[in-house]
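What follows is a single structure, written as structure tokens, with notes after it.
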Amino acid sequence: MDQNNQDNSGVESEVNGSAEAESNTNIQSRNIFDLSGVPNTETSIDLNQMRVDTIPDLSRFKDLKFLGLRQNLLTSLNTNISLLINLTELELYDNQLTEIQGIENLINLEILDLSYNRIGKIKGLSTLSKLRKLFLINNKIEQIEGLEGLILLELLELGDNKIKEISNLNHLINLQELFLGKNKIKKIEGIDSLVKLRVLSLPANRLTKLEGLENLVELEELHINDQGIESLNGIENQWGDYFIWLQENMQKFIDKYGKIDYLRHAINEWKNMPVKEKLIWTKKSEKDKRRYQREIVEYYKFKYQNVEEQFE
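Using our numbering, read the sequence shown as starting at 1 and increasing by one per residue.
This is how it looks when you write it as structure tokens:
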């Protein structure tokens, strides 16, 4: 090797060494926090968008109720988090977690957000019996499971996963809001006992008909846009109690059910709307129905004959 090559090699080695040292420094400094000014009695700590890849020691904060760790680089949860037994809300949105672990001791947790991670299986939650809201949006979950101990759960968000079947939910008798949009679900099933359900959101799935909703007597909102709904089997007998809101064109549905009085007037206008499907079925009071009617008339400038009678 000539002198020039030796010199270049030395420079390259030095540069690489400096880059590696700088990288290690960045990794170390990423997890250094000055919490010395925070009193031990603090109940809320926000470490969102700090690029941390490990959870710092927060054990002196015995009264901590809220911990925000959104948009960081966490790949796992270390033992530091298990000491925070008084936490009621934990945000782990947008990290790099591949599994749910290390939170079994957080028995007072009421709200848990694990959205936008890489979680493939729901597990490790059985001890969180006080949990009321669980968010698992945009993960890699294929099956609904691991919710057996969450009897107080009121809201479950599982949108944008890989779920093909609605299952293992019938024990969640206090559930009020269920979000399963953007999955691969072909059939509404397994929710007969969810009699307190107010909101059921299933957009962007693979449904072709409505069924299995007969027992959902408290249902106020049903979101099923962006799929091939052609049938109302299972809810046709509830027309008198529910207000159907067709916001954009659903051609096959309109062709079949246009005979319904208060939909018939709008068919021609709906046919000229964008092709994107959107159906929102919502239980409304008579006052709300009249308000919707006025909004429709004003926005689309419909000239209905005797339209008021359809909403009285």
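Heads up, the beta-carbon is just placed ideally off N, CA and C, and yes, glycines get one too.
Practice item. Compare the C-alpha of residue 57 against each of 73, 71, 40 and name the closest. Key: Walking along the sequence shown from the start, residue 57 turns up at place 57. When each option's Cα is compared against that of residue 57, the closest is 40.
Check your understanding: Out of 131, 154, 120, which has the shortest C-alpha to C-alpha gap to residue 145?
Key -> For this step, residue 145 is matched to residue 145 along the sequence shown. Per the Cα distances, 120.
Practice item. Could you check how far apart the C-beta atoms of residue 73 and residue 49 are, in whole angstroms? I think they sit under 8 Å. Key: In the sequence shown, the residue the question calls residue 73 occupies position 73. In the sequence shown, the residue the question calls residue 49 occupies position 49. The pair is not a contact, with the Cβ atoms about 11 Å apart (cut-off 8 Å).
Check your understanding: In this structure, does DSSP put residue 44 in helix, strand or coil?
Key -> Taking the sequence shown and counting its residues from 1, one reaches residue 44 at position 44. Residue state, collapsed to three classes: strand.
Exercise for review: Check the C-beta distance from residue 218 over to residue 196 and give it rounded, since I have them as a contact under 8 Å.
Suggested key: Within the sequence shown, numbered from 1, the residue matching residue 218 stands at position 218. Within the sequence shown, numbered from 1, the residue matching residue 196 stands at position 196. Contact holds; Cβ gap of about 6 Å.
**Study point:** Alpha-carbon spacing of residue 34 relative to residue 192, whole angstroms
**Key:** On the sequence shown, position 34 is the one that residue 34 refers to. On the sequence shown, position 192 is the one that residue 192 refers to. Taking the straight line joining both Cα atoms gives about 51 Å.
**Study point:** residue 327: first and last residue of the uninterrupted beta strand (DSSP E) it sits in
**Key:** This structure cannot speak to residue 327, because the chain is shown only from 1 to 312.
Exercise for review: Would you kindly report the start and end of the unbroken beta strand (DSSP E) that includes residue 111?
Suggested key: The residue given as residue 111 occupies position 111 in the sequence shown. Segment 111 to 113, the beta strand (DSSP E) holding residue 111.
Exercise for review: Flag this pair as yes or no: are the beta carbons of residue 159 and residue 182 separated by less than 7 Å?
Suggested key: Position 159 of the sequence shown, counting from 1, holds the residue named residue 159. Position 182 of the sequence shown, counting from 1, holds the residue named residue 182. Yes, the Cβ-Cβ distance between residue 159 and residue 182 is below 7 Å.
Practice item. Taking residue 68 as part of the beta strand (DSSP E), name the residues at either end of that continuous run. Key: In the sequence shown, the residue the question calls residue 68 occupies position 68. Element bounds for residue 68: 66 to 68.
Check your understanding: In terms of DSSP beta bridges, what is residue 201 paired with?
Key -> Within the sequence shown, residue 201 is the residue found at index 201, counting from 1. Its beta-bridge partners are 179, 223.
Review point. When DSSP labels each residue in this structure, what does residue 35 get in the three-state scheme?
Key: Residue mapping note: residue 35 aligns to position 35 of the sequence shown, counting from 1. Coil, per DSSP.
Check your understanding: Does the distance from the CB of residue 105 to the CB of residue 85 come in under 7 Å?
Key -> The sequence position of residue 105 within the sequence shown is 105, counting from 1. The sequence position of residue 85 within the sequence shown is 85, counting from 1. Yes, the Cβ-Cβ distance between residue 105 and residue 85 is below 7 Å.
Practice item. Can you tell me which of 89, 59, 66 puts its alpha carbon nearest to the alpha carbon of residue 78? Key: Residue mapping note: residue 78 aligns to position 78 of the sequence shown, counting from 1. Looking at the Cα atoms, 59 is the closest of the given residues.
Check your understanding: For residue 157, which beta-bridge partners are listed by DSSP?
Key -> Walking along the sequence shown from the start, residue 157 turns up at place 157. BP columns for residue 157 point to 135, 179.
**Study point:** Beta-carbon contacts of residue 118 that lie in its chain and below 8 Å, excluding the five residues immediately before and after
**Key:** By 1-based counting over the sequence shown, the position of residue 118 is 118. If we look at residue 118 and ignore the five residues flanking it on each side, its Cβ neighbours are 96, 97, 98, 139, 140.
Exercise for review: Compare the C-alpha of residue 327 against each of 76, 129, 200, 199 and name the closest.
Suggested key: Only positions 1 to 312 of the chain appear in the structure, and residue 327 is not among them; the question remains open.
Exercise for review: For chain E, find out if any of its Cβ atoms is closer than 7 Å to the Cβ of residue 163; answer yes or no.
Suggested key: Among the protein chains of the structure shown there is no chain E, as only one such chain exists.
Check your understanding: Leaving out the 5 sequence neighbours to the left and right, which residues in its chain are closer than 6 Å to residue 167 when beta-carbon positions are compared?
Key -> For the purposes of this step, residue 167 is identified with residue 167 of the sequence shown, where counting begins at 1. The answer, listed in chain order, is 144, 190.
Exercise for review: Report all residues from its chain with a CB closer than 7 Å to the CB of residue 64; omit the five preceding and five following residues, and keep chain order.
Suggested key: Here residue 64 refers to the residue found at position 64 when the sequence shown is read from its first residue. The residues are 42, 43, 45, 58, 84, 86, 87.
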